[in-house]
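Chemist: Per the working numbering: the sequence shown ends with 599, consecutive numbering throughout. I have a structure here, written as C-alpha cells, and I will follow up with some questions on it.
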Amino acid sequence: MDSEPLSDDDAHILGLESAAITGHTLKLMVLDPGPPLDLDRLRAGVADRLAGQPRATEYVALDADGPSWVPDEAFDIAAHVRRRTAPEAVTRDEMWRIVGELMAEHLDHRRPLWTLDVIGPLPDGREAIAARIHHAMADGIAGVRFLEAVLFDPHTDAQPPAAAGMRTTATPSRLTEARRLPEAVLRELGRPVPRSPFDRPVGAARELAFAALPLAGLKDIGATRPAHATVNDVLLAVVAGGLRSWLVASGSDVHRLRAQVPVSLHHRDEVAGDLGNRDSFINVDLPLAEPDPLARLDAIRAETATRKRLDDAEELYDLFHALGRLPHVGTAAQRLAGSAREFAVAISNVPGPAAAVAVAGRRVAQLFSSSEPAAHHALRISAISCAGDIGIGLCTDPNALADLGGLAEAIEASYAELSAAALG
C-alpha cells in the first residue's frame, strides 16, 4: 500500500490532539433560502471533485516510522457528507449550538480527516454547511483551497480569488539572515505581559458565536488614516474595541493585550492542490486601555508595519524549523512561543473567495471560520472574507468564558464606533 510520511509541521499539529483538543478548523457556510439540499446529489457532486485532492481520500496511519498518509481503500462519501438531523427548523442560536458540538467532536482517524455537515433548515429557508478540516491536513489558506476545489461553484461571473496573504518567493542572503534572526526573536518573544484574562484551563466543551463586517467599510476606514492602514489592521482595531468594551462590562481591567496573528507563508506559485501547513506568526500589542478608536487603529498599524517590514514571520518560521532538528530545544521554543505570558489571544484572518460562490446553486450568503482555543488561551478569534464581507468566528470552552454572544455583539458595535469616528 502506497503511503507518504506527514511533513514535520503536519505531524507536530497531529501530535497536539488530546481529549480536549480536536485539531480541526471549522468553516460555516450559510446558504440563501431555497428548497432543502438533496444530500445524495451533494454527495455525488463532492465525490466527483475529489480526484485532484489526494488527502481527501487518505487517512493517517501510525507505525514505528511515524504518521503517514495512506489511501482509504474503503472510502465512503456518506461518512463525510452528512445531514445533522434536527426535529424541527433550527434557529440561529440552535445552529450555533450545533456547530459548537461539531467543534468539540473529534474527527474519526480511521477515515480521511474532513467532514461536511448540513444543518437546517432555518425558519426562513436558509441552510448551513459546517465543514471540518483537520489542521494536519490543511492550514487556513489550504483549507479554503480545498473547499473551492470540492464544494464551491461561482455564483456569478467571478474573477479568480486574490492571493492575499500569500508571499512571493524570496531568498535573502545568509549574512542578512544571521543579522535579522536574533532581532526578530527579541521583538516577538521573551517580552512577558501581565496575566491574560483568557489564561484559564480549557476542557473539551465548545461554544461558538459569529459576527459579520463589511469588507468595503474596513477598506474605507483604512484609507482615511495618514499612514494607510490595511484591512487586517482595521480588523485588529475593531476586535480590540470589542474586547475592550466586553471585558469592561465583565468587570475586568483593560490594559495592553498581546495578540498572536498567524501569517500564511504559502507562495503564489503553489498549485491549488497543495495542502499542508506553512504558517508562522507575529505578535501585536492591542492597546485596550486607549479609549480613542482611531488612536487604537494608528498604534496597531504602526506595529504591524514594523513587523512586516522586518519580515519577522519568515524569520521565526525558519528558526522553529531549525530548532525542530534538536528535539528538546525545539520543544522548549514551541512552549515559549505558545505561553500565556507571550500572548493572550490568537486572531487569524484568512482570505476566502473574492467573488460570490454557491453550493448546489444556492449562494453562500455568509462564510465564517472558527478555530479552537488552546490551553491557557481560552478565546480564539478567526476571520475569513467572502465576496464583500468578513465573517468572524469566536470559539471558547463555555466553562472557561461566558457570554461569547456578547463579545460578537461588542465587535459589531466596535466597528460602528470606528466607522463613525473615521468616516463621520
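For each residue, glycine too, the CB sits at the ideal point set by N, CA and C.
#1: Helix, strand or coil, according to DSSP, for E302 in the structure here?
#2: Would you mind stating whether R301 and L212 have Cβ atoms separated by less than 7 Å?
#3: Rounded to whole angstroms, what's the CA-CA distance from A186 to P180? Just pull it up for me.
#4: Would L277 and A305 qualify as a contact pair, given that the criterion is a beta-carbon distance under 7 Å?
#5: Using the C-alpha atoms, what's the distance from D292 back to G220?
#6: Would you check if the distance between the CB atom of I559 and the CB atom of G527 is smaller than 7 Å?
#7: Please report the straight-line C-alpha distance between R433 and Y590, rounded to a whole angstrom.
#8: Taking only three categories from DSSP, how would you classify N407?
#9: Please report the residue range of the alpha helix (DSSP H) in which D395 lies.
#10: Quick one, which of H551, A386, R537 has its alpha-carbon nearest R370's?
#11: Among F385, Q228, A236, R431, which residue has its Cα nearest to the Cα of E459?
#12: Compute the beta-carbon to beta-carbon distance between V245 and E233, rounded to the nearest angstrom, for a pair I have assumed lies under 8 Å.
#13: From the DSSP output, in three-state form, read off L326 for me.
#14: Roughly how many whole angstroms lie between the Cα atoms of I252 and I475?
#15: Assuming F373 and A519 make a contact with CB atoms under 8 Å, what is their CB distance in whole Å?
#16: Have a look at T266, N407, V265, A279 and flag the residue whose alpha-carbon is nearest the alpha-carbon of P600.
#17: Which of helix, strand or coil does DSSP assign to R538?
#18: Express the C-alpha separation of D578 and K202 in angstroms, rounding to a whole number.
#19: Can you find the residues in the same chain that come closer than 6 Å, C-beta to C-beta, to P468, ignoring five residues on each side of it along the sequence?
#20: Taking the straight line between their C-alpha atoms, what separation do you get for T266 and L383?
#21: Where does P462 land, buried or exposed, given buried means 16+ other C-beta within 10 angstroms?
#22: Taking the alpha carbon of A585 as the point to measure from, which residue in P376, V413, A404 has its own alpha carbon closest?
#23: In three-state DSSP terms, what is L418?
#24: Just to confirm my understanding: we take D572, look at its own chain, exclude 5 residues before and 5 after, and list those with CB closer than 7 Å. What are they?
#25: Let me know the secondary structure DSSP gives H430 once reduced to three states.
#26: Please state the DSSP three-state secondary structure of L593.
Modeler: From the atom records:
#1: Counted from its first residue, the sequence shown places residue 302 at position 127. Strand, per DSSP.
#2: The residue given as residue 301 occupies position 126 in the sequence shown. The residue given as residue 212 occupies position 37 in the sequence shown. Not a contact, by the Cβ cut-off of 7 Å.
#3: The residue you call residue 186 lines up with position 11 of the sequence shown. The residue you call residue 180 lines up with position 5 of the sequence shown. Going from the Cα of A186 to the Cα of P180 covers about 9 Å.
#4: In the sequence shown, counting from the first residue as 1, residue 277 sits at position 102. In the sequence shown, counting from the first residue as 1, residue 305 sits at position 130. Result yes, Cβ atoms of L277 and A305 sit closer than 7 Å.
#5: Translated into positions along the sequence shown, residue 220 becomes position 45. Translated into positions along the sequence shown, residue 292 becomes position 117. Approximately 15 Å between the Cα atoms of the pair.
#6: On the sequence shown, residue 559 is found 384 positions in, with the first residue counted as 1. On the sequence shown, residue 527 is found 352 positions in, with the first residue counted as 1. Contact flag set, yes.
#7: Working through the sequence shown from its first residue, we reach residue 433 at position 258. Working through the sequence shown from its first residue, we reach residue 590 at position 415. Rounded to the nearest angstrom, the two C-alpha atoms are 20 Å apart.
#8: If you number the sequence shown from 1, residue 407 lands on position 232. Note: N407 maps to helix in three-state DSSP.
#9: Residue mapping note: residue 395 aligns to position 220 of the sequence shown, counting from 1. From DSSP, the alpha helix (DSSP H) with D395 extends over 390 to 398.
#10: For the purposes of this step, residue 370 is identified with residue 195 of the sequence shown, where counting begins at 1. For the residues H551, A386, R537, the minimum Cα distance to R370 belongs to H551.
#11: Indexing the sequence shown from 1 puts residue 459 at position 284. Contrary to the premise, residue 459 reads as Val rather than Glu in this sequence. Ranked by Cα distance from V459, the first of F385, Q228, A236, R431 is R431.
#12: Looking up residue 245 in the sequence shown gives position 70. Looking up residue 233 in the sequence shown gives position 58. E233 and V245 do touch by the CB rule: their CB atoms are close to 6 Å apart, below 8 Å.
#13: Your numbering for residue 326 matches position 151 in the sequence shown. Here L326 sits in coil by DSSP.
#14: Taking the sequence shown and counting its residues from 1, the one referred to as residue 252 is at position 77. Taking the sequence shown and counting its residues from 1, the one referred to as residue 475 is at position 300. Taking the straight line from one Cα to the other gives about 45 Å.
#15: Residue 373 sits at position 198 when you count from the first residue of the sequence shown. Residue 519 sits at position 344 when you count from the first residue of the sequence shown. Indeed, because the Cβ distance is near 6 Å, the residues count as touching under 8 Å.
#16: No information on residue 600 is available, as it lies outside the stretch 176 to 599 that the chain covers here.
#17: Along the sequence shown, one-based indexing puts residue 538 at 363. The answer is strand: DSSP assigns R538 an E or B state.
#18: As a working note, residue 202 is residue 27 in the sequence shown. As a working note, residue 578 is residue 403 in the sequence shown. For K202 and D578, the distance between alpha carbons rounds to 22 Å.
#19: For this step, residue 468 is matched to residue 293 along the sequence shown. G416, E592, L593, A596.
#20: For the purposes of this step, residue 266 is identified with residue 91 of the sequence shown, where counting begins at 1. For the purposes of this step, residue 383 is identified with residue 208 of the sequence shown, where counting begins at 1. Between the alpha carbons of T266 and L383 lies a gap of roughly 14 Å.
#21: Taking the first residue of the sequence shown as position 1, residue 462 is located at position 287. The residue in question, P462, is buried, as its Cβ has 16 or more Cβ neighbours within 10 Å.
#22: For the purposes of this step, residue 585 is taken as residue 410 along the sequence shown, with counting starting at 1. Closest by C-alpha distance to A585, out of P376, V413, A404, is V413.
#23: Stepping through the sequence shown from its first residue, residue 418 is reached at position 243. Correct three-state label for L418: helix.
#24: Within the sequence shown, residue 572 is the residue found at index 397, counting from 1. Excluding five sequence positions before and after D572, the CB atoms of its chain that fall closer than 7 Å to its own CB belong to V377, G378, A380, R381, P548, A553, given in chain order.
#25: Counting from one through the sequence shown, the residue named residue 430 turns up at place 255. Correct three-state label for H430: coil.
#26: Indexing the sequence shown from 1 puts residue 593 at position 418. Three-state result, L593: helix.
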